[in-house]
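The structure appears below as structure tokens.
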Ligand code: PLP
């Protein structure tokens with residue numbers, strides 16, 4: 045059976061060079077970097093080198109501004125909870141309705157703890173309403189703005205550099221956090237130039253060809269954020285716990301490879317665009333979610349109206365294709381994704397939405413295989429759809445309104 049992996053926004057294959065770089069720290073150089081003997085020098089120097097590489101990917105930020113964590117979720121929790129603990133006088137938070145649960149659920153929990161949280165809406169293309177954002181900022185009381193750089197489901201990119209600047213112009217004490225889990229290693233992220241007003245940036249190793257179990261929290265010098273994990277003195281007391289040396293080395297290598305491959309993003313985008321064109325041409329009643337917005341080059345969220353996304357994924361899986369849906373299964377009922385619901389995508393389209401996300405390891409043969417198989421799958425599923433008129437081979441006239 046074929047093996048076509050097009051779910052890179054969920055996780056990525058570990059790059060072979062990354063495996064090679066981390067291997068010594070899982071075998072011979074296993075020593076605790078904090079120990080006093082000579083053999084701990086290797087692991088401790090390796091962390092220093094990895095930190096410098098990550099710092100350089102982010103535009104040459106100062107090494108102490110980077111804290112290694114265990115994942116994107118931890119980094120986001122640390123940013124939000126740490127900001128709250130250090131600034132107890134501020135009780136207002138701004139985020140968006142389309143954040144990953146690693147931000148959304150933390151904000152909801154903070155709302156339960158007494159914080160006032162604005163969950164900003166998006167338009168039907170997944171774009172943020174900037175004037176509404178400006179109106180939401182409250183000088184003197186907004187603690188933190190947490191707005192993702194790019195959405196993991198649709199790939200829609202938010203104008204984070206501008207949003208951060210606006211926050212600082214409104215009140216320099218407002219902290220600005222961006223979850224860059226889907227953009228680190230894909231888009232140029234210069235925290236000393238374009239993104240100079242961002243105080244906190246977070247991302248995760250396993251989205252850029254490092255293994256799971258390592259993440260990053262960029263915390264700009266001078267920003268008031270309390271440590272989240274307290275214990276030993278590791279990471280200068282900002283994140284206690286014996287360092288995941290192999291993971292950190294892996295992340296450093298993955299960042300080095302990502303920077304070297306920035307030019308490859310154009311090829312990835314060409315593959316994505318080729319697939320998008322083929323699907324729109326071959327399959328009627330299909331649209332691309334976020335088509336008019338700026339999107340990540342690797343991401344395609346496509347809605348096949350009048351079918352069930354989960355069934356599409358099941359059929360793709362049988363053909364050796366790993367993709368994912370915009371839907372999540374909640375308590376036995378199939379709810380469309382919170383992102384597509386926030387975009388007010390009609391439900392017959394939201395239910396039939398799937399996400400295809402590429403990486404630099406994908407080939408034209410991969411996308412052509414997906415494009416070759418999907419029309420038959422969609423036609424078969426429509427034949428058994430309650431919204432489809434089998435006799436006329438078109439949507440049922442008395443079906444729910446679907447205005448796309
Ligand atoms: N933020 C975004 C935008 C993501 O896409 C993800 C993972 O899908 C996360 C955070 C969570 O990252 P991790 O799995 O490393 O905790």
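Residue numbers (this note's numbering): 45 to 448. Using N, Cα and C, we set each Cβ at its ideal position, and we do this for glycine too.
Item                                                                                                                                                                           : Value
Indicate whether residue 319 and residue 123 have their beta-carbon atoms separated by less than 8 Å.                                                                          : no
On a Cα-Cα basis, can you pick out the residue from 68, 166, 277 and 48 that is closest to residue 385?                                                                        : 166
Using 8 Å for Cβ pairs, my map puts residue 162 next to residue 138. What's the rounded Cβ distance?                                                                           : 5 Å
State the Cα-Cα distance for the pair residue 280 and residue 264, rounded to the nearest angstrom.                                                                            : 14 Å
Would you give the residue range spanned by the beta strand (DSSP E) that residue 222 belongs to?                                                                              : 219 to 223
How is the alpha helix (DSSP H) around residue 164 delimited, first residue to last?                                                                                           : Unbroken run through residue 164 is the beta strand (DSSP E), 160 to 164; no alpha helix (DSSP H).
If you measure from the beta carbon of residue 326 to each beta carbon in chain D, is any gap under 8 Å?                                                                       : Chain labels in this structure do not include chain D; a single protein chain is all it has.
Fully enclosed by the region 108 to 150, which alpha helix (DSSP H) runs are 4 residues long or longer?                                                                        : 116 to 130
Among residues of its own chain, excluding the 5 on either side of residue 440, which ones have a beta-carbon nearer than 7 Å to its beta-carbon?                              : 431, 432 and 433
Would DSSP call residue 439 helix, strand or coil?                                                                                                                             : strand
Am I right that residue 223 and residue 109 are in contact with their C-beta atoms under 8 Å? What's the rounded C-beta distance?                                              : No, residue 223 and residue 109 are not in contact; Cβ-Cβ is about 17 Å, not under 8 Å.
Let me know the alpha helix (DSSP H) ranges lying completely inside the region 51 to 78, each 4 residues or longer, listed in chain order.                                     : 60 to 66
Cβ-heavy atom distance between residue 226 and the ligand PLP below 7 Å?                                                                                                       : yes
If you draw a straight line from the C-alpha of residue 404 to the C-alpha of residue 299, how long is it?                                                                     : 14 Å
Taking contact to mean 3 or more Cβ pairs, one atom from each stretch, closer than 8 Å, check whether the region 144 to 159 and the region 220 to 234 are in contact.          : yes
For residue 50 versus residue 414, is the C-beta distance shorter than 8 Å?                                                                                                    : yes
In terms of residues, what are the limits of the beta strand (DSSP E) holding residue 245?                                                                                     : 244 to 248
Quick one: Cα of residue 90 to Cα of residue 180, how far?                                                                                                                     : 44 Å
Short check: CB of residue 289 to CB of residue 87, under 8 Å?                                                                                                                 : yes
Quick check on the burial criterion: 16 or more other C-beta atoms within 10 angstroms. Buried or exposed for residue 184?                                                     : exposed
Can you list, in chain order, the residues of its chain with a C-beta nearer than 6 Å to that of residue 366? Leave out the 5 residues immediately preceding and following it. : 49 and 51
Report all residues from its chain with a CB closer than 6 Å to the CB of residue 169; omit the five preceding and five following residues, and keep chain order.              : 334, 336 and 337
Rounding to the nearest angstrom, what Cα-Cα distance links residue 70 and residue 209 in this structure?                                                                      : 42 Å
So, with DSSP's three-state summary, where would you put residue 352?                                                                                                          : coil
With distance defined between alpha-carbon atoms, name the residue in 301, 55 and 425 nearest to residue 349.                                                                  : 425
Given that a residue counts as buried once 16 or more other Cβ atoms are within 10 Å of its Cβ, and exposed if not, what is residue 64?                                        : exposed
Between which two residues does the beta strand (DSSP E) holding residue 389 run?                                                                                              : Premise fails: residue 389 is in no beta strand (DSSP E) and is neither H nor E.
Which residue marks the beginning of the alpha helix (DSSP H) containing residue 209, and which one marks its end?                                                             : 204 to 214
What ranges does the alpha helix (DSSP H) occupy inside the region 261 to 324, keeping only unbroken runs of at least 4 residues that lie completely in it?                    : 289 to 304
For residue 416, count the other beta carbons within 10 Å of its own beta carbon; 16 or more makes it buried, fewer makes it exposed. Which is it?                             : exposed
Apart from the five residues just before and just after residue 235, which ones in its own chain have a Cβ nearer than 7 Å to its Cβ?                                          : 102, 103, 105, 242, 245 and 262
Indicate whether residue 296 and residue 98 have their beta-carbon atoms separated by less than 8 Å.                                                                           : yes
Locate the beta strand (DSSP E) running through residue 381, then write down its first and last residues.                                                                      : Here residue 381 belongs to no beta strand (DSSP E), and DSSP marks it neither H nor E.
Please determine, among 227, 182, 212 and 214, the residue with the shortest C-alpha to C-alpha distance to residue 199.                                                       : 227
Tell me whether residue 96, by its Cβ, gets closer than 7 Å to a heavy atom of the ligand PLP.                                                                                 : no
May I ask you to report which of helix, strand or coil DSSP gives residue 343?                                                                                                 : strand
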